[in-house]
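J.: Structure provided below as C-alpha cells; questions to follow.
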Amino acid sequence: MPKKLIIGKHDLIPKHTKLSEKDKKDLFEKYKISLKELPKIYKGDPALQSLNVKVGDVVKIVRNSPTSGESIYYRGVVNA
Amino acid sequence: MTTIPKEIADSLPKALLEDLKEKVKSLSQTKAKKVMETVHQEYNKARVEPGECVGLVAAESIGEPGTQMTLNTFHFAGVAEMNVTMGLPRIIEILDGRKELKTPMMEIFLKKPYSKGKDIKKLAMNIKETKLNEIVTEFVINVADFIIEAKLNKEKIKDLGMREATLLTILSKEIKGATVKKKEDSLIIKPRGKSDSLNEIYKLKEKIKGTYVRGVKKISQVLPVKRGEEFIIITAGSNLKDILKMEEVDTSRTRTNDIFEISGVLGIEAARQAIIDEVFKVIESQGLNVDVRHIMLVADTMCIEGMVKGITRYGVVSEKASVLARASFETPIKHIINASLVGETDKLSSVVENVMLNQPVPVGTGLPGLITKVK
C-alpha cells in the first residue's frame, strides 16, 4: 500500500503561510502593486498542500537567507 | 541591558540585528546608542540603490569565474567511485534548466537505528533497482511453441531475499501483453496476441530483459557511505518521490541533484533553494569565490513563474516583453518574423532594446524618467 507522502517538513522547504485579505490589501498598498506583478506559485504546489489556498491568494514565504538570516517573499497563487 | 530602538530594529535584517544585540550587551547606554546609530547608517549605505543594474553585475560576477572553471565533465567523488558532473557543464545544466541530467544522484539520509549502520547493506539492496536479466541466467526462445523460457538464478534470488511467488506476481503485473508462468526452475513467458512472427517474440525477449523486479525504479547504483557519525546511502539515479515514501528514510534531509524533481515533489521554493545550493557547491568546489547574492538573483529569476525555467530562449528569455530583447539573445530572425506576423509592438522599456537603438538605458540615473512624468 503506497504511503501518502507528507511533505512540508523537508529542510529545503521554507515556511509558507497564507495572507489574510487585510494583510493582502496592506501589502498591495505598501508596494503599490497588484496580484499580477507578484511572483507566482501554482495552486497545486506541494508546499501548499496543507494551506487550503485558492487562486488569487497571496502566500507569504519566510526563507532562511545566508546573508540576512531571514528574508520574506510573497507569491501570488495561480492556476497551473 | 540596552534595548534597540524600534526604528532601527525594523530596518535591519535579522542576522545583523542579532549580531548587534550581542555586541552592544556590555556597552554603556550612550556608547551603545552611538554604535547602533553607526551600524544603521553603514547598513543603509551598503544597500543596493534603486536602479542599480543587479542583473548585469550578477552576470559578470558569475561569468568571469566561469571562464576559469574546468571543462572536465567528470569527477570521481572521494573514495567512492561515483561519477558526478562537475564544473562548467554542471553549471550550464542547472542554469539551462535541463530535464535530463547527465548524472542524477541522491543522498539518502536514514532514521535511527539505520543511520548507525543497522542492516545498511540490506537496505541499500532494497533501494537498488533490480531488473529481470540480473536474476536470470539465460533467455531461450522456444520457436516451436512460441514461448520464452527464462532460467532463474536461484542463488541471486535468495541473496535478494525474494520469494518466487512474489516474483511471479510482480512480473505478471509488469510484463504487458504476455502471460508469465513458472515451470521448474524457469519462467515461461507466453505472448498473448495471435501474431507468431519470430521478429515479434525476439523483440519481446529484449524488452522483458529490462523489466523491473524489485527496488526503487531509476536507482541504478547504491553506495552506503559513512559521513561523520552516521551512515548515508549515495545513489546514482534519482527518484525522490518513491524514496521519501520509504519508512527508513529521513524525509527532512534526503535530497537529490535533480532540480525538476525537487520542484515537482517539494515545490517551487525548495527548487529555488536547491538551485542556489547546487550552483554554490560547484563554484566552491572549483576554489572560486562568487557571492551568494548573485546566485540567489539568478535562482529567483528562474523560479518567478511558479515553475523552474532555464535561462534559454525557451525559458526565461521567452518571457521578455520586448521583441528586440528576445531577438538579441538567440535566433533573431525567427523572433522578428514571428513578431511581425502577429503585429507585436515594442515599448522600449528595458535595457537591451534601448542599447540597440542608441538611446539612454533605463538603469541607474536613467530610471527616474520612467517614474516621474516629465511635462
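Just so you know, the protein sequences line up as chains A and B, in that order.
Residues in the first sequence are numbered consecutively from 0, following numbering that gives the first Met the number 0.
Residues in the second sequence are numbered consecutively from 0, following numbering that gives the first Met the number 0.
Positions of the beta carbon are idealized from the N, C-alpha and C atoms, including for glycine.
All figures in this text were calculated on a predicted structure; none of them were measured in a lab.
So for P64 of chain B, helix, strand or coil by DSSP?
T.: Along the second sequence, one-based indexing puts residue 64 of chain B at 65. Correct three-state label for P64 of chain B: helix.
J.: Starting from the Cα of A14 of chain B, find the closest Cα among A:N78, A:T66, A:K21, A:V76 and give me that residue.
T.: Reading the second sequence from its first residue, position 15 is the one you call residue 14 of chain B. When only C-alpha atoms are compared, the closest one is A:T66.
J.: How should V264 of chain B be labelled, buried or exposed, when 16 other C-beta atoms within 10 angstroms of its C-beta is the threshold for buried?
T.: In the second sequence, the residue the question calls residue 264 of chain B occupies position 265. When all chains shown are included, V264 of chain B counts as buried.
J.: So that I know if they touch, is there some Cβ in chain B lying closer than 7 Å to that of S67 of chain A?
T.: As a first step, residue 67 of chain A must be located in the first sequence, where it is residue number 68. Closer than 7 Å to some Cβ of chain B, the Cβ of S67 of chain A qualifies, so yes.
J.: Is there a Cβ of chain A sitting closer than 7 Å to that of P375 of chain B, yes or no?
T.: For chain B, the structure presents residues 0 to 374; residue 375 of chain B sits outside this window and is missing.
J.: Is I107 of chain B near I232 of chain B, with beta carbons less than 7 Å apart?
T.: Locating residue 107 of chain B in the second sequence gives position 108, where the first residue counts as 1. Locating residue 232 of chain B in the second sequence gives position 233, where the first residue counts as 1. Against a cut-off of 7 Å, the Cβ pair of I232 of chain B and I107 of chain B comes out as a contact.
J.: What residue from B:R89, B:E63, B:A57 has the CA that sits closest to S284 of chain B's CA?
T.: If you number the second sequence from 1, residue 284 of chain B lands on position 285. Residue B:R89 is the option with its Cα nearest to S284 of chain B.
J.: Note down the Cα distance separating T102 of chain B from M85 of chain B, rounded to an integer number of angstroms.
T.: Taking the first residue of the second sequence as position 1, residue 102 of chain B is located at position 103. Taking the first residue of the second sequence as position 1, residue 85 of chain B is located at position 86. Taking the straight line joining both Cα atoms gives about 10 Å.
J.: For K180 of chain B, which residues from the same chain have a beta carbon less than 6 Å from its beta carbon, with the 5 sequence-adjacent residues on both sides left out?
T.: Position 181 of the second sequence holds residue 180 of chain B. So the qualifying residues of the chain are I187.
J.: Can you check whether the C-beta of P64 of chain B is within less than 7 Å of a C-beta belonging to chain A?
T.: Here residue 64 of chain B corresponds to residue number 65 of the second sequence, with the count starting at 1. By this cut-off, P64 of chain B is not an interface position.
J.: Output the distance between the C-alpha atoms of S70 of chain A and H293 of chain B, rounded to the nearest integer angstrom.
T.: Position 71 of the first sequence holds residue 70 of chain A. Position 294 of the second sequence holds residue 293 of chain B. Using only the alpha carbons, I get a separation of about 16 Å.
J.: Nearest CA to the CA of L94 of chain B: which residue from B:S349, B:M295, B:K110, B:G160?
T.: In the second sequence, the residue the question calls residue 94 of chain B occupies position 95. The shortest Cα separation from L94 of chain B among B:S349, B:M295, B:K110, B:G160 belongs to B:M295.
J.: So, is the C-beta of Y30 of chain A closer than 7 Å to a C-beta in chain B?
T.: Indexing the first sequence from 1 puts residue 30 of chain A at position 31. Chain B, which has no Cβ nearer than 7 Å to the Cβ of Y30 of chain A, makes this no.
J.: Run through the DSSP bridge pairs and tell me what M59 of chain A is partnered with.
T.: The residue given as residue 59 of chain A occupies position 60 in the first sequence. Position check: residue 59 of chain A holds Lys in this sequence, whereas Met was assumed. Note: K59 of chain A sits in a beta bridge opposite A:T16, A:Y73.
J.: I need the DSSP call for L87 of chain B, collapsed to helix, strand or coil.
T.: For the purposes of this step, residue 87 of chain B is identified with residue 88 of the second sequence, where counting begins at 1. Correct three-state label for L87 of chain B: helix.
J.: Could you list the residues in the region 283-302 of chain B with a C-beta less than 7 Å from some C-beta on chain A, going in chain order?
T.: Taking 7 Å as the Cβ-Cβ cut-off against chain A, the residues of the region 283-302 of chain B that qualify are V291, R292.
J.: Strictly under 7 Å for the Cβ-Cβ distance: is S251 of chain B near chain A by that measure?
T.: Locating residue 251 of chain B in the second sequence gives position 252, where the first residue counts as 1. At least one chain A Cβ lies under 7 Å of S251 of chain B.
J.: Report the CB separation of L19 of chain B from V38 of chain B in whole angstroms; it is logged as a contact under 8 Å.
T.: Translated into the one-based positions of the second sequence, residue 19 of chain B becomes position 20. Translated into the one-based positions of the second sequence, residue 38 of chain B becomes position 39. That belief holds up - the Cβ atoms of L19 of chain B and V38 of chain B are roughly 6 Å apart, short of 8 Å.
J.: Please tell me whether R271 of chain B and D10 of chain A are closer than 7 Å, where the distance is taken between their beta carbons.
T.: Taking the first residue of the second sequence as position 1, residue 271 of chain B is located at position 272. Taking the first residue of the first sequence as position 1, residue 10 of chain A is located at position 11. No; because the gap between Cβ atoms is not below 7 Å, this pair is not in contact.
J.: Using only the alpha-carbon positions, how far apart do A79 of chain A and T300 of chain B sit?
T.: What you label residue 79 of chain A is simply residue 80 of the first sequence in a count that begins at 1. What you label residue 300 of chain B is simply residue 301 of the second sequence in a count that begins at 1. Distance between the alpha carbons of A79 of chain A and T300 of chain B is about 18 Å.
J.: Between the region 126-141 of chain B and the region 210-226 of chain B, do three or more beta carbon pairs fall short of 8 Å?
T.: yes
J.: Rounded to whole angstroms, what's the CA-CA distance from G176 of chain B to L50 of chain A? Just pull it up for me.
T.: Mapped onto the second sequence, residue 176 of chain B falls at position 177. Mapped onto the first sequence, residue 50 of chain A falls at position 51. Each residue's Cα considered, the two are about 43 Å apart.
J.: Go ahead and pull the three-state DSSP assignment for P331 of chain B.
T.: The residue given as residue 331 of chain B occupies position 332 in the second sequence. Helix, per DSSP.
J.: Answer with buried or exposed for T330 of chain B, where buried requires no fewer than 16 other C-beta atoms within 10 angstroms of its C-beta.
T.: Locating residue 330 of chain B in the second sequence gives position 331, where the first residue counts as 1. Burial call: exposed.
J.: Out of B:K157, B:M68, B:P223, B:K155, point me to the one whose CA is closest to D118 of chain B's CA.
T.: Working through the second sequence from its first residue, we reach residue 118 of chain B at position 119. Taking only the C-alpha atoms, the option nearest D118 of chain B is B:P223.
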